[in-house]
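All remarks here apply to the structure that follows.
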Amino acid sequence: MKIQSLRGMPDLFPEDLERWHIFESKLSKIFHSFNTSEIRTPLLESTELFSRSVGNSSDIVNKELYSFLDRNEESISLRPEGSASVIRAIVQKKQEQEKHKLWYQGPMFRYERPQKGRFRQFHQVGVEYLGFEEGIAEYELISMVLQINELIGISDYTIKINHLGDNLAKENFCNSLVSFLEPHVNELHEKDQARLNSNPLRVLDSKEQSTQALLEDGPKFQDFISDSSKIFLQNIVDTYSDHCDIQIDQSLVRGLDYYTGVVFETVSKKLGAQDAFLGGGRYDNLSKQLGGKDMHAVGFAIGVERIIELLNIENMKQPLKVGFIISGEQINKKTYKIADDLRSANNNIILDASLSNGSLKSQLRRANKNNCSFAIIIGDEELKNDQVIWKDLSESGEQELLTSKEVIEKYTKL
Ligand code: HAM
């Protein structure tokens, strides 16, 4: 029997990754322009890191963590997200009192029920700004989100934003929500009853219409947070509402326990049920929770599989491709030297060498199939005369004979 990949852990083939590479190259320019530097942390961490950060009552830690005992009987887990590891790394290096603008990317693991846009191994690109108190950092991150969406051609999206206040506000709101819901517990769906017990704030996220109807008369976050928090949130919305669809959503609490302050998500209707392609917020308490000193922290992470779905590559310039075909009987070192010289002369062009002894016709067919715009053909005759054939693969099919020096000149100017 053939071995299959694990459920929810898809392979990514070259044709899938074409879109990923476009996304990654655009993103690296944005990170560069914001002076944000890359950090890489391990895929495996101690399980305690996630229970103390993402939270024991969260679905992510409770039900979705890939945890196992290593050979030393220590409980370790595949990371379900990146923020906890970044804070762990900074605390470990005793750099909590410095300022950091960091980004990271890589696979994350959550044992969820796979469906469209939801995987067990998925990828995130995250940004964490550490050491910056509430204020301009939030603006800078929302600006970055807008720039990312613009650069990759996403216009049809909504930013949902909320303010969770400080710890006390969150706790008071939570208590008030529990007192409000408890008399109605029998009207709640089973899933929401479980949430009410384990993590009451998550009831706000419920997809059940009856729960949402009930919540309409329930307590509102806005009544628990300070006036300055309300004004801050409103100012962000006012600043960006000319540039994008940004809306305060009082039911936005996010699925990770570490947030306080501003939280946000970007959603797109084009994605179907799993519509959030980016999420983040402030989590100033995490450093202390992990044994470090006080450190402000705010950031977000993009779900790469989801944002890739939205990438509009039609309008993006694709690199030019040229086929390199050796059609002679014998390949000698002079032939391949031409390919070397071409690549050194202009490495913006993809030179796709056919690497086969097939007939000229079949090699040309392959170059066409691979979307080459031109082909450079070297047969025995051309080799003898130090020439190549330059063939236009568009409908005109024109071709000309060029010396090896001329072909380099032409190739450089493409
Ligand atoms: P999160 O909302 O759990 O936040 O994940 C961020 C994004 O990862 C989501 O918006 C979604 O696009 C993507 N995502 C999550 N789970 C899956 C899945 N099973 N399959 C595919 N995509 C998925 C965090 O992880 C926080 N660490 C973000 C953050 C950074 N907050 C502050 N800094």
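To convert, note that position 243 of the sequence shown is 1627 in this note's numbering; the numbers rise steadily by one, no gaps. Every residue, glycine too, gets a C-beta built ideally from N, C-alpha and C.
DSSP-derived helix/strand/coil call for residue i
i	result
residue 1762	strand
residue 1513	strand
residue 1388	coil
residue 1637	coil
residue 1561	helix
residue 1663	strand
residue 1481	coil
residue 1680	coil
residue 1544	strand
residue 1416	helix
residue 1687	strand
residue 1491	strand
residue 1783	strand
residue 1631	strand
residue 1702	coil
residue 1508	strand
residue 1644	coil
residue 1425	coil
residue 1486	strand
residue 1751	helix
residue 1579	helix
residue 1739	coil
residue 1502	strand
residue 1707	strand
residue 1397	coil
residue 1618	helix
residue 1459	strand
residue 1608	coil
Under 8 angstroms between C-beta atoms of residue i and residue j
i	j	result
residue 1730	residue 1786	no
residue 1494	residue 1526	no
residue 1538	residue 1427	no
residue 1705	residue 1756	yes
residue 1642	residue 1439	yes
residue 1518	residue 1666	yes
residue 1670	residue 1437	yes
residue 1415	residue 1536	no
residue 1487	residue 1692	no
residue 1420	residue 1469	no
residue 1450	residue 1485	no
residue 1758	residue 1770	no
residue 1463	residue 1429	yes
residue 1751	residue 1740	no
residue 1461	residue 1431	yes
Of the listed residues the options, nearest to residue i (C-alpha basis)
i	options	result
residue 1630	1545, 1556 and 1762	1545
residue 1502	1749, 1553, 1793 and 1659	1659
residue 1796	1783, 1733 and 1771	1733
residue 1533	1788, 1697 and 1741	1697
residue 1639	1656, 1774, 1773 and 1588	1588
residue 1766	1751, 1712, 1433 and 1485	1712
residue 1610	1412, 1449, 1414 and 1645	1645
residue 1748	1770, 1771 and 1781	1781
residue 1778	1789, 1412 and 1754	1754
residue 1601	1560, 1447, 1774 and 1395	1560
residue 1496	1489, 1741, 1619 and 1393	1393
residue 1674	1769, 1434 and 1701	1434
residue 1663	1453, 1396 and 1690	1690
residue 1555	1590, 1743 and 1605	1605
residue 1582	1461, 1752, 1520 and 1446	1446
residue 1540	1400, 1655, 1622 and 1590	1655
residue 1702	1742, 1676, 1402 and 1619	1402
residue 1478	1511, 1676 and 1489	1676
residue 1721	1672, 1623 and 1789	1789
residue 1760	1784, 1743 and 1768	1784
8 angstroms contact criterion, which residue i and residue j should meet: CB distance rounded
i	j	result
residue 1687	residue 1661	5 angstroms
residue 1762	residue 1710	5 angstroms
residue 1579	residue 1637	11 angstroms between Cβ atoms; not a contact.
residue 1651	residue 1542	5 angstroms
residue 1707	residue 1736	5 angstroms
residue 1491	residue 1557	Going by Cβ atoms, the distance from residue 1491 to residue 1557 rounds to 35 angstroms, so no, they are not a contact pair.
residue 1576	residue 1566	Between residue 1566 and residue 1576 the Cβ distance is about 12 angstroms, and since that is not below 8 angstroms, they are no contact.
residue 1627	residue 1515	With a Cβ gap of about 27 angstroms, residue 1627 and residue 1515 do not count as contacting.
Neighbour flag for residue i against chain B, beta carbons, 8 angstroms
i	result
residue 1602	Here chain B cannot be found, since the structure has a single protein chain.
> If you pair each beta-carbon of the region 1668-1685 with each one of the region 1516-1531, do three or more pairs fall below 8 angstroms?
Replying inline: yes
> Does the region 1589-1597 come within contact of the region 1446-1463, defined as at least 3 CB pairs closer than 8 angstroms?
Replying inline: no
> Are at least three pairs of beta-carbons, each pair with one atom in the region 1510-1527 and one in the region 1551-1563, less than 8 angstroms apart?
Replying inline: no
> For the 8 angstroms Cβ check, are there 3 or more pairs between the region 1719-1729 and the region 1503-1517?
Replying inline: no
> Taking three-plus beta-carbon pairs below 8 angstroms as touching, is the region 1626-1644 in contact with the region 1558-1573?
Replying inline: no
> Can we say the region 1614-1622 touches the region 1471-1483, given the rule of at least three CB pairs closer than 8 angstroms?
Replying inline: no
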